[in-house]
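J.: Please see the structure below; I have some questions.
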Amino acid sequence: MAQCQHEFHLIKSPYTLIVWRCQTCHSGPHWSIYECKHCKLKVCRDCKDKD
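Under my numbering, the first residue of the sequence shown is numbered 36, with each subsequent residue one higher.
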C-alpha cells in the first residue's frame, strides 16, 4: 500500500455538537480540524505542521 501524499484542507464545525479529535496525537475536542482530501485523515494544526 502506497503512502498517501497528504493534501490538507481546514474543515470547521457549524454546530456545537460536532467536534473532532486529532487522529495522530488524540488531542481535542477541536471545533475545526485539517482533513486530507485523499485519505480523510483528520489532524490538528500542530500535527499538520510537523510534516
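Just so you know, even glycine gets a beta-carbon here, dropped at the ideal spot from N, CA and C.
(1) Once the 5 residues before and after M36 are set aside, which same chain residues still bring their CB inside 7 Å of it?
(2) Residues in the same chain with beta-carbon distance under 6 Å from S62, minus the five sequence neighbours each way, listed in chain order, please.
(3) Provide the residue span of the alpha helix (DSSP H) that contains C82, from first to last.
(4) Just the C-alpha distance for Q40 and P49, rounded to the nearest angstrom, thanks.
(5) Can you check DSSP and say which residues form a bridge with S48?
T.: Working from what's here:
(1) No answer about M36 holds up, because its pLDDT of 43 lies below 50 and its placement is not dependable.
(2) The residues are C79.
(3) Boundaries of the alpha helix (DSSP H) harbouring C82: 80 to 84, taken from the DSSP string.
(4) Each residue's Cα considered, the two are about 28 Å apart.
(5) Per DSSP, none; premise fails for S48.
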